[in-house]
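Notes to accompany the following structure.
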Amino acid sequence: MLKCKIKLKNSLSVILSVLIVISAALCVPVTASAATYDSDPNDFKYSYNYGSTLANIYGYTGNSEYVKIPSKINGYTITGINTQAFKNNKKLKGIIIPDTVTYVEDSLFSGCISLTDVDLGKGITVITNGMFYNCKNLESLTIPEQIERFYDRYSYTGDSSDKPFEGCVNLKNIYFKAKDISLVRYLSLPSLTNIVIGSTVESLPDRAFSGYKYLENVTFENGLLVLPNECFKNCTGLKSITLPDSMMSVGKSAFENCYNIKSVTFSKNLNTIADSAFKGCSSIENLSFNKNLREIGNNAFEECSSVKNVTFNDSLNTIGESAFANCSSVEKVDLPESVSSVGKDVFEGCKVIKNITLSSKLNYVNDGVFSGCSSLESVDLPDNISEIGANSFADCTNLKNIRFGKNLIHIDSYAFSGCSSLKSIEFPAGLQYIWSKAFIDCTNLSSVKLNSGLKQISDYAFYNCLNLKKVRIPSSDTYLCDYSLGYYGKNDNNYKIPDFIIVGDINSCAQRYANNNGFKFEEYKVNLSTPQITSLKNTTGGVKLQWNKVNGAYGYRLYYRPASGGWKRFKDTTATSFTDSSVVPNKTETYTIRCLDKDGNTISGFNSNGWSIKYVPVAPTISKLENTSSGIKLTWNKIAGVYGYRLYYKTSSGGWKRFKDTTATSFTDSGVSPNRTETYTIRCIDKNGNTISGFNSNGWSIKYVPVAPTISKLDITTGGIKLSWNKIAGVYGYRLYYKPVSGGWKRFKDTTATSFTDSGVVPNKTETYTIRCIDKNGNTVSGFNSKGWSKKYTPVAPTISKLENTSGGIKLTWNKIAGVYGYRLYYRPASGGWKRFKDTTATTYTDAAVKSGRTETYTIRCIDKNGNTVSGYNSKGWSKKYVYNPPKSIKLNKTSAYIGKKESVTLKYTLSAGSTSTVTWSSSNKNVATVSGGKVTAKGAGATTITATTANGKKATCKVTVINGVRQYYTCTSGNRTIAEYSVVVPDGCYDKQSNAWRCYYEKYNYDKYDMGYVGAILFTKSPYSQSSPPAPNFTKLGEKNGYVFGYTTATGLEFIADDITSVEKYSTAHQTFNYAVKTFRFE
1 MLKCKIKLKN SLSVILSVLI VISAALCVPV TASAATYDSD PNDFKYSYNY GSTLANIYGY
61 TGNSEYVKIP SKINGYTITG INTQAFKNNK KLKGIIIPDT VTYVEDSLFS GCISLTDVDL
121 GKGITVITNG MFYNCKNLES LTIPEQIERF YDRYSYTGDS SDKPFEGCVN LKNIYFKAKD
181 ISLVRYLSLP SLTNIVIGST VESLPDRAFS GYKYLENVTF ENGLLVLPNE CFKNCTGLKS
241 ITLPDSMMSV GKSAFENCYN IKSVTFSKNL NTIADSAFKG CSSIENLSFN KNLREIGNNA
301 FEECSSVKNV TFNDSLNTIG ESAFANCSSV EKVDLPESVS SVGKDVFEGC KVIKNITLSS
361 KLNYVNDGVF SGCSSLESVD LPDNISEIGA NSFADCTNLK NIRFGKNLIH IDSYAFSGCS
421 SLKSIEFPAG LQYIWSKAFI DCTNLSSVKL NSGLKQISDY AFYNCLNLKK VRIPSSDTYL
481 CDYSLGYYGK NDNNYKIPDF IIVGDINSCA QRYANNNGFK FEEYKVNLST PQITSLKNTT
541 GGVKLQWNKV NGAYGYRLYY RPASGGWKRF KDTTATSFTD SSVVPNKTET YTIRCLDKDG
601 NTISGFNSNG WSIKYVPVAP TISKLENTSS GIKLTWNKIA GVYGYRLYYK TSSGGWKRFK
661 DTTATSFTDS GVSPNRTETY TIRCIDKNGN TISGFNSNGW SIKYVPVAPT ISKLDITTGG
721 IKLSWNKIAG VYGYRLYYKP VSGGWKRFKD TTATSFTDSG VVPNKTETYT IRCIDKNGNT
781 VSGFNSKGWS KKYTPVAPTI SKLENTSGGI KLTWNKIAGV YGYRLYYRPA SGGWKRFKDT
841 TATTYTDAAV KSGRTETYTI RCIDKNGNTV SGYNSKGWSK KYVYNPPKSI KLNKTSAYIG
901 KKESVTLKYT LSAGSTSTVT WSSSNKNVAT VSGGKVTAKG AGATTITATT ANGKKATCKV
961 TVINGVRQYY TCTSGNRTIA EYSVVVPDGC YDKQSNAWRC YYEKYNYDKY DMGYVGAILF
1021 TKSPYSQSSP PAPNFTKLGE KNGYVFGYTT ATGLEFIADD ITSVEKYSTA HQTFNYAVKT
1081 FRFE
């Protein structure tokens, strides 16, 4: 029997390591020892189909307690295991299944009562029916990542042996790694104590582990997003929970009735806690929610009776109904400003809460929110709250003080019922409705102040308020329901409070209620002396009114007289002065005033004549003159009632010059000059542009000194560090400085722009810059920032701008990066990643190690002189498929050329269609002419052959003759028509003669069947010809261009070439003479 020592595989070792941590916390030992596993092929029975290389194990004949199934036996790959191989093997303790096994039959390890160690390999995808039935000693198991499902519950026959783990009475530890364990809730795992939910688990089913009462520890690896409904409901052995940061939602009743959990750590990304998620977790002591939580569902923490402290996060929006109901140990509630919705009965029965802080975003206190909070002493309701719901503060028996927000409109039924410690209440002016029994049984309430605006007090609103003996009802209240005031009683027996008094206006609802119920009624009377306006004054803000203080008045109501007559109310105030800004220039305003009480009722007379003043706007005052980057900024005070303002500056000749109309109260004059003093003044204008105020004749002055420019941005670009700064008004330009190593500042650039890129940078060196303004003469005219602005220059990643197929390979071209020494090129090998293949200081390189038809991917980064990389790189790279089509031929645009001694000519090549190639150039005689890139440059007289050669050896040539002379340019005309324009290289030592008597001779010739056309033949002779009989030219053919033949005369034997013809006219006659001279040459 072949035996081997092996180590536990990864999956088993991971769960053991996790369990070791758990056991350390629980003082439970977990051990693992290396065992000797039998992997002898002779100990296994296997079967296979004829012609197949795959086999199944159907029996084990060895005696070992630890078995490792070989992946191959006698050349057959083991892919399956039959039930009879190990079923009821009572000796088997450990099994390792190879990764090649993908199929196992039902009940594979059924009855293996000694089995403790299992490695399922990486091929099995199903936990089959009865797979571990009655494995009584199996304590720990890893469910590998590749498992796709457990047994098919729909085919379950009712036989308990069909369940995979039935009878595994000691299976306490499971490490779940499978992505989908949706059928886990149908497994029978009553002894489960420890669970690890691996990072690979994508989801859990509802009620996955519900009711596992022995479950003590749940460890979540980061990965699971949602905890499903009732996942751990009634797991009463759990003591603490830490939710992974990946988790965004906790489902309904996820931990309901887990009454031994003491601590909960919420994930950083938790967004939602669903209904009843932790309901009945009565041992939790503290709740601290992380910043991303948005919603707490209904009953989420109801009956968590040990919670003392709740820390809400600043992003929470919604708290559901009864979310913290009967959390009887919570002492304080501080709702963050983000909370905009609070459900019914949220803190009902929280008996020890003493203080609450509500969000200003709440506009409604929901029903029963603080009902039964018997320790609550004071409440300060935000101004946004418009309604207090039914029973919201019912039975808050220690509530002594409550302040209502100014926007409160409704107080619903029973809202403050049973608040027996309340003694006095003042309602806001906006309150309109107090509904049925809102303050019933507030037995110590003795003072109620109802303000104007109240419309209705419903039945029994203040019932059993035995100490409330007198109430003033405002005239706005038009409906007092039965038993709303002045009654007490019990069991439908209603009694009047003795000596109860109603105070109100005559013939009001208050008087009718008093009369109808037999209560004493008192008329509400107040009449103070009439206030007197003591001063009316035109000010910048309008007409300022001042009046005397009247004792006993809460405030004052101001009136003005409109054009239609009478009086119109426009302001209530508690002060004794007010400035009316709603005035119109040059219009007379009339005012009067009377006293008010706290409810807004008038309690004095008024002066019927009033007091009058004509409003004349005062001259504006320039309050500030500032040197800014845009020029001189003027700021002035607003003048009431005017349409706008007119600005003036003082000219060099004196006087004032208008330069701006505006409706604003500030303006920046950009038309300034450095170091010149400017003086300004201002006056008011109406809508038509008419001035309606005076002005300050002296004005206000300031010397314009340009402010130091501010560098607004330092950007790293391919060209270096780009500086951007603000434009400064009135200056010619800017001077840039950098801080050298030796300190101080060194000037490096003058410019009129507002940006510049410093290319003289060094990688990873921090550069510091400052800037100042200059005038046209280069003089500095501003200060500068002495600290400057700094930026570390980190070269940007180069960009490959072009990838070209060439005969030499793929040519890479990239942009130059400032300050770097060179570049490192990488290609992507077949195995992935990047492989370096070239360092260069150039910005192009041709990769010759390519193959036609293969796609290459490249990237690039910068390097310094020492070969260190100093930039990032593009991780995707740039790709090009290399396709090389060699040329079949090459042609040049000239086959011959004649040039002078100082001339050059550029030859161009054309490759056969669709082909590419590099081309090399050569000269057969470099003493006559050299060639580079097709450009031929004369060196000395003579002839040479220029050759263009492709990479695959195709060639084209051009004969170039260099004449030891200089090219001359000529035009031949007939009348006002240009016949020909051409040029000729005139050899050194020849001279030309021009005479008005010489003629241009044209004649048609036939030579070797060539139609030579009409050519202006310039005759090169040993002596001048006579005017009357110029000889016929005797041509020897040299070449042809555009249908015209060029040659030389036999008179001298010297060549002439007119190879720059741009215009030629043909004539129909065989012989013409023209009376216009042309240049003629005589060669010596």
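The sequence shown begins at 1 in the numbering used here and counts up one residue at a time.
Beta carbons are placed, not taken as given, at the ideal position from N, Cα and C, and that holds for glycine.
Exercise for the section: Whole angstroms is fine: what's the gap from V966's alpha carbon to S932's? Expected result: 22 Å
Problem - Same chain only: Cβ atoms within 6 Å of Y554, ignoring 5 sequence neighbours per side - result: So the qualifying residues of the chain are L596, D597 and K598.
Practice task
Select from Y556, A438 and A325 the residue whose C-alpha is nearest the C-alpha of G605.
Solution key: Y556
Problem - Simplified DSSP assignment, three categories, for Y645 - result: strand
Practice task
Specify the secondary structure class of E546 as computed by DSSP and reduced to three states.
Solution key: As written in the sequence, residue 546 is Gln, which differs from the Glu given in the question. In the structure shown, Q546 sits in a strand (DSSP, three-state: E or B).
Practice task
Report the rounded CA-to-CA distance for P382 versus L545, giving the unit in angstroms.
Solution key: 35 Å
Handout entry: Distance, F659 Cα to S666 Cα
Key = 14 Å
Problem - Proximity test, Cβ basis, 7 Å: T534 and chain B - result: Among the chains in the structure shown there is no chain B, since it carries only a single protein chain.
Problem - Under 7 Å between C-beta atoms of N82 and E105 - result: yes
Handout entry: Whether W872 touches A797 by CB criterion (7 Å)
Key = Looking at the sequence provided, one finds Gly at residue 872 rather than Trp. Yes, these two residues count as a Cβ contact at 7 Å.
Exercise for the section: Could you tell me which uninterrupted beta strand (DSSP E) segments, each at least 3 residues in length, are contained entirely in the segment 624-674, listed from first to last along the chain? Expected result: 631-636, 644-650, 656-662 and 666-669
Exercise for the section: Could you tell me whether the Cβ atoms of G542 and V503 are closer together than 7 Å? Expected result: no
Practice task
Starting from V126, follow its DSSP beta bridges and name the residues at the other end.
Solution key: R149
Handout entry: Neighbourhood of V928 by C-beta, 8 Å cutoff - its chain only, sequence neighbours within 5 removed
Key = Residues A938, K939, G940, A941, G942, A943, T944, V960 and V962 of the same chain have their beta carbon placed closer than 8 Å to that of V928, with the five preceding and five following residues left out of the count.
Problem - Whole runs of the alpha helix (DSSP H) within the segment 38-63, excluding any shorter than 4 residues - result: none
Practice task
Assign R185 to one of three DSSP states: helix, strand, or coil.
Solution key: Residue state for R185 is assigned as helix, using DSSP reduced to three classes.
Exercise for the section: Return the chain-ordered list of same chain residues with a C-beta closer than 6 Å to the C-beta of K9, the five sequence neighbours on each side being excluded. Expected result: Per-residue confidence for K9 stands at a pLDDT of 37, beneath the threshold of 50, marking its modelled position as unreliable; no derived number is given.
Exercise for the section: Answer with buried or exposed for N675, where buried requires no fewer than 16 other C-beta atoms within 10 angstroms of its C-beta. Expected result: exposed
Handout entry: Pairwise C-alpha distance: T397 and K537
Key = 57 Å
Problem - Rounded straight-line distance, which links the Cα of C509 to that of L454 - result: 12 Å
Exercise for the section: Within the same chain, show all residues whose beta-carbon is closer than 7 Å to that of K93, passing over the 5 residues directly before and after it, in chain order. Expected result: E65, Y66, S114, L115, T116 and D117
Handout entry: Cross-strand partners of W789 (DSSP beta bridge)
Key = Y769
Exercise for the section: With distances taken Cα to Cα, identify the nearest neighbour of G867 among T859, K881 and T840. Expected result: Out of T859, K881 and T840, T840 has the C-alpha closest to the C-alpha of G867.
Practice task
Report the residue ranges of all alpha helix (DSSP H) runs contained in full by the segment 378-440; include only those spanning at least 4 residues, in chain order.
Solution key: Scanning the segment 378-440 from its first residue to its last, no whole alpha helix (DSSP H) run of 4-plus residues comes out.
Practice task
State the start and end residues of the unbroken beta strand (DSSP E) segment that holds Y66.
Solution key: Y66 to K68
Practice task
Can you have a look at E523 and say buried or exposed, based on whether 16 or more other CB atoms are within 10 angstroms of its CB?
Solution key: exposed
Exercise for the section: Using 10 angstroms around the beta-carbon of D715, count the other beta-carbons present and answer buried if the total reaches 16, otherwise exposed. Expected result: exposed
Problem - Rounded straight-line distance, which links the Cα of K811 to that of C1000 - result: The predicted model places C1000 with a pLDDT of 30, which falls under 50 and marks its position as unreliable, so this point remains unresolved.
Practice task
Starting from N194, follow the beta strand (DSSP E) in both directions and report where the run begins and ends.
Solution key: N194 to I197
Exercise for the section: Go to Y513, then tell me how far its alpha helix (DSSP H) extends in each direction, as first and last residue. Expected result: C509 to N517
Exercise for the section: Check A619 in the structure and name its three-state DSSP category. Expected result: coil
Problem - contact_flag[the segment 907-922, the segment 884-897] where n(CB pairs < 8 Å) is 3 or more - result: yes
Exercise for the section: Quick one: residues in its chain with C-beta nearer than 7 Å to the C-beta of Y463, no 5 flanking neighbours on either side, listed in chain order? Expected result: K437, I440, Y483, Y487 and Y488
Exercise for the section: Determine the direct distance from the alpha carbon of A415 to that of V1085, and round the result to whole angstroms. Expected result: Past the boundaries of the shown model lies residue 1085; the chain is included only from 1 to 1084, so the question cannot be answered.
Exercise for the section: Classify Q532 as helix, strand or coil using the three-state DSSP reduction. Expected result: coil
Problem - F312, enclosing beta strand (DSSP E) - first and last residue - result: No beta strand (DSSP E) contains F312, which DSSP labels as neither H nor E.
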